[in-house]
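>
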Amino acid sequence: MSHSPLITLKNFSFSFEGQEKPVINNLSLTINEGDSILLIGASGSGKSTLALCLNGLYPDTVEGYASGDLYFQETHLDKFKKGELNQRIGIVFQDPESQFCMIKVEDELAFTLENLSVPRNQMIQKIDEVLELIGMTEYKHSNIHELSGGQKQKIALAAVLLMKPELLILDEPTANLDPVSSLEFVGLIGELQQQINMSILVIEHQADDWIDLMNRVMVLNHNGELMVDDEPQKVFRDYITTLKEEGLFLPKTSDDLFNQKPPTSFVPNTQPCLSVNDLSFFRKKKKVLNGISFDIRCGELVAIVGENGAGKSTLLQLMARLLKPERGDMTFLDLPLENWNESELRKRTGFVFQNPEHQFIADTVYDELAFGMRLNGLSENKIKHVVNRLLETFQLTDHKFSNPFSLSGGQKRRLSVATMLDENPDLLLFDEPTFGQDASTTLELMKLITQLKRQGTAVTMVTHDMELVDQYADRVIVLDQGEIALDGKPNDLWKNDNLLKQARLRKPYRIERSEVVTIGINH
Ligand SMILES: Nc1ncnc2c1ncn2[C@@H]1O[C@H](COP(=O)(O)OP(=O)(O)OP(=O)(O)O)[C@@H](O)[C@H]1O
Ligand SMILES: Nc1ncnc2c1ncn2[C@@H]1O[C@H](COP(=O)(O)OP(=O)(O)OP(=O)(O)O)[C@@H](O)[C@H]1O
């Protein structure tokens, strides 16, 4: 059955003001009605930019210019009124918080309908319908900030669905979700596909959960050109070498990387770097952490995992002394954490926030990286040497003079990690250091962290990525509703089916596969 074209690009390019090379480079392609497309490409290859061009937000809302032609249902972009395409092509971003304006779920959805000029007497019915569609009816009167990450993402999706878009774009929609919420979100999109007539474009670095829902995979290369556009089976069979050269993740079934048994974890018999003793913390009278105690040794990498809202980020902020515990105390290198002088503490520890933008202070990537070293009085020559090495390692050399806020999501994250690695800190605290990264940048980042670990740095990493935990963590701490449910080796967690279920985690591919093989043999 042939479908009519929804969007057609002819020799379409897009450049940001003041940049030599276009970010989107001479694309000619058609998205048909009923298509479900997975868009992949290295970090910085132009995926989000393309999404924003498709729905008409770019170039109108940014300093940049487009060339070539874009047609929506065979009508040229120029013929549409401003703002018209934004409604017919809806985007859900990775961080739903940035999209919300109201406190309550129903008010947020009513606000969307108001913007669409829907009469008041039709609103209630429309809100009820969309909540039913996404399985969130019981949360109609809830406060948005009390919802879990996955539920917030569903509300962001509902707001976009109210526009009845003909194309739904999902830009890394599961990046902040715990492993089970992430799978549930993909399942929901699969159900919507059956019920609503709309095309879907999904941007994700890791294709695994999405492949079965997609009829096409498009790959952008480093130059923003369309390198591959074909059926998923063909792409991941015939273009493996090309995808690897671009530094992209392959599906776990076809990538040796995920099948390797990790090296026996090295647990150093060193002194504790940070000791956490009986910590408790409340937010608005709600106990978020309760009786947390553990040590992190010098040279050890500890992963903290758990469902959305379990208290992981809060714990990390307490460990960085950005929050003060109600009860309990911590010792950092033999001195109570509260007694450390602020500048000495910042020199010896590094903290990367969940949202990288929160920590940028300089106007260029170079100055951002140099900032800490300048504060510590290093010579400009020495600084230049270190900054250039970091730029190279984190694939940011081309963006040396860019404003940190203009970077792609993955580039921002890499910059925020790099700023913590200028000197050798004793303790590193990372909130999701690898989200939004492609295979090559993830590998580089983990290589560097491993090196620091070998030199004695203690690393704590909050993550939803169970592959990383399996491959790199010496120890894993599972937080469940603000309490430690497990503190052990990753293998202890993979054996504990009940806890995995309770904490909304999943097993890494290596373990899942070995269980399938064993079951196969037993039968
Ligand atoms: N600024 C805040 N004000 C009020 N409550 C908050 C605030 N920040 C977090 N919370 C609440 O504290 C609890 C723990 O949140 P936290 O961000 O530490 O969880 P998390 O495990 O890091 O979650 P995620 O995986 O979604 O990042 C949640 O119930 C959350 O709603
Ligand atoms: N507002 C902006 N001003 C200048 N340059 C920008 C701006 N936004 C993005 N860029 C640059 O355009 C390129 C593409 O960015 P884009 O966000 O589209 O990449 P992406 O493929 O979505 O990356 P990621 O996977 O890291 O999210 C990057 O090199 C980025 O630095």
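What the sequence shown shows, in full-length UniProt numbering, is residues 1 to 523, in sequence order. Glycine residues also receive a C-beta, built at the ideal position from the N, C-alpha and C atoms.
(1) Could you name the residues of the same chain whose beta carbon sits closer than 6 Å to that of residue 507, not counting the 5 residues immediately before and after it, in chain order?
(2) Any chance the segment 464 to 483 sits against the segment 301 to 316, with 3 or more Cβ pairs inside 8 Å?
(3) If I'm right that residue 252 touches residue 208 with Cβ under 8 Å, what's the distance once you round it to whole angstroms?
(4) Using alpha carbons as the reference points, say which of 205, 123, 88 lies closest to residue 166.
(5) Per the contact definition of three or more C-beta pairs closer than 8 Å, is the segment 459 to 470 in contact with the segment 135 to 147?
(6) Could you check which residue in 505, 155, 427, 358 has the C-alpha nearest to that of residue 274?
(7) Please indicate yes or no: does the CB of residue 49 lie closer than 7 Å to some heavy atom of ligand 2?
(8) Could you tell me which of 42, 420, 411, 92 sits nearest to residue 55, measuring between CA atoms?
(9) So, does the segment 428 to 447 touch the segment 367 to 387, judging by three or more C-beta pairs under 8 Å?
(10) Less than 8 Å between the CB atoms is what I'm expecting for residue 185 and residue 484, so what's the real figure, rounded?
(11) Give the secondary structure of residue 509 by DSSP, where H, G and I count as helix, E and B as strand, and everything else as coil.
(12) What number of angstroms, rounded off, separates the C-alpha of residue 173 from the C-alpha of residue 94?
(13) By a C-beta neighbour count over all protein chains shown, 10 Å radius and 16 as the cutoff for buried, is residue 516 buried or exposed?
(14) Taking DSSP as the reference, what is the three-state secondary structure of residue 9?
(15) Under a criterion of Cβ closer than 5 Å to any non-hydrogen atom of ligand 1, which residues qualify, in chain order?
(16) Can at least three beta-carbon pairs, one atom from the segment 60 to 80 and one from the segment 223 to 240, be found at a separation below 8 Å?
(17) To the nearest angstrom, how far is it from the Cα of residue 44 to the Cα of residue 248?
(18) Given a threshold of 16 other Cβ atoms within 10 Å of its Cβ, counted over all protein chains shown, does residue 13 qualify as buried or as exposed?
(19) Scan the segment 221 to 249 and note each continuous alpha helix (DSSP H) run of 4 residues or more that stays entirely inside, going in chain order.
(20) In the DSSP assignment, what residue or residues form a beta bridge with residue 461?
(21) Taking the beta carbon of residue 226 as the centre, do at least 16 other beta carbons fall within 10 Å, making it buried, or is it exposed?
(22) Quick check on residue 65: buried or exposed, where buried means 16 or more other Cβ atoms within 10 Å of its Cβ?
(23) On the CB-based measure, 16 or more other CB atoms within 10 Å of its CB, does residue 48 come out buried or exposed?
(24) From which residue to which residue does the beta strand (DSSP E) around residue 313 run?
(25) Cα separation between residue 395 and residue 448?
(26) Find the nearest neighbour of residue 461 within the set 151, 300, 441, judged by alpha-carbon distance.
Concretely, from the data shown:
(1) Walking along the sequence shown from the start, residue 507 turns up at place 507. The residues are 494.
(2) Contact check between the segment 464 to 483 and the segment 301 to 316: three or more CB pairs, one atom from each, fall below 8 Å, which counts as touching.
(3) Here the question's residue 252 lines up with position 252 in the sequence shown. Here the question's residue 208 lines up with position 208 in the sequence shown. Residue 252 to residue 208, Cβ: 6 Å. Contact.
(4) To locate residue 166, count along the sequence shown from 1; it is residue 166. Of the candidates 205, 123, 88, the one whose C-alpha sits nearest the C-alpha of residue 166 is 88.
(5) Between the segment 135 to 147 and the segment 459 to 470, the count of Cβ pairs shorter than 8 Å is below three; the stretches do not touch.
(6) For this step, residue 274 is matched to residue 274 along the sequence shown. It is 427.
(7) On the sequence shown, position 49 is the one that residue 49 refers to. Yes - ligand 2 has a heavy atom lying nearer than 7 Å to the Cβ of residue 49.
(8) As a position in the sequence shown, residue 55 is number 55, starting the count at 1. Here the closest residue by C-alpha is 92.
(9) With the rule of 3 Cβ pairs closer than 8 Å, the segment 428 to 447 does not count as touching the segment 367 to 387.
(10) The residue given as residue 185 occupies position 185 in the sequence shown. The residue given as residue 484 occupies position 484 in the sequence shown. Not confirmed; about 27 Å, so no contact.
(11) Within the sequence shown, numbered from 1, the residue matching residue 509 stands at position 509. If DSSP states are grouped into helix, strand and coil, residue 509 belongs with the helices.
(12) Indexing the sequence shown from 1 puts residue 173 at position 173. Indexing the sequence shown from 1 puts residue 94 at position 94. Cα to Cα, residue 173 sits roughly 4 Å from residue 94.
(13) Residue numbering aside, residue 516 sits at position 516 when the sequence shown is read from its first letter. The residue in question, residue 516, is exposed, as its Cβ has fewer than 16 Cβ neighbours within 10 Å.
(14) Along the sequence shown, read from residue 1 onward, the residue named residue 9 stands at position 9. DSSP, reduced to helix, strand and coil, places residue 9 within a strand of the structure shown.
(15) Qualifying residues, in the order they occur: 149, 283, 288, 308, 309, 310, 311, 312, 313, 314.
(16) Touching, no, given that fewer than three Cβ pairs across the two stretches are closer than 8 Å.
(17) The sequence position of residue 44 within the sequence shown is 44, counting from 1. The sequence position of residue 248 within the sequence shown is 248, counting from 1. Taking the straight line joining both Cα atoms gives about 12 Å.
(18) Reading the sequence shown from its first residue, position 13 is the one you call residue 13. Buried, since its Cβ has 16 or more Cβ neighbours within 10 Å.
(19) DSSP runs (the alpha helix (DSSP H)) wholly in the segment 221 to 249: 232 to 238, 240 to 245.
(20) Within the sequence shown, the letter at position 461 stands for residue 461. Checking the DSSP bridge columns, you'll see residue 461 partnered with 303, 430.
(21) Locating residue 226 in the sequence shown gives position 226, counting from the first residue. Here residue 226 is buried, its C-beta having at least 16 other C-beta atoms within 10 Å.
(22) Your numbering for residue 65 matches position 65 in the sequence shown. When all chains shown are included, residue 65 counts as exposed.
(23) Walking along the sequence shown from the start, residue 48 turns up at place 48. Label assigned to residue 48: buried.
(24) As a working note, residue 313 is residue 313 in the sequence shown. That residue, residue 313, is in no beta strand (DSSP E); its alpha helix (DSSP H) goes 312 to 319.
(25) To locate residue 395, count along the sequence shown from 1; it is residue 395. To locate residue 448, count along the sequence shown from 1; it is residue 448. In this structure, the alpha-carbon of residue 395 lies about 13 Å from that of residue 448.
(26) One-based indexing of the sequence shown puts residue 461 at position 461. Of the listed residues, the one whose Cα sits closest to residue 461 is 300.
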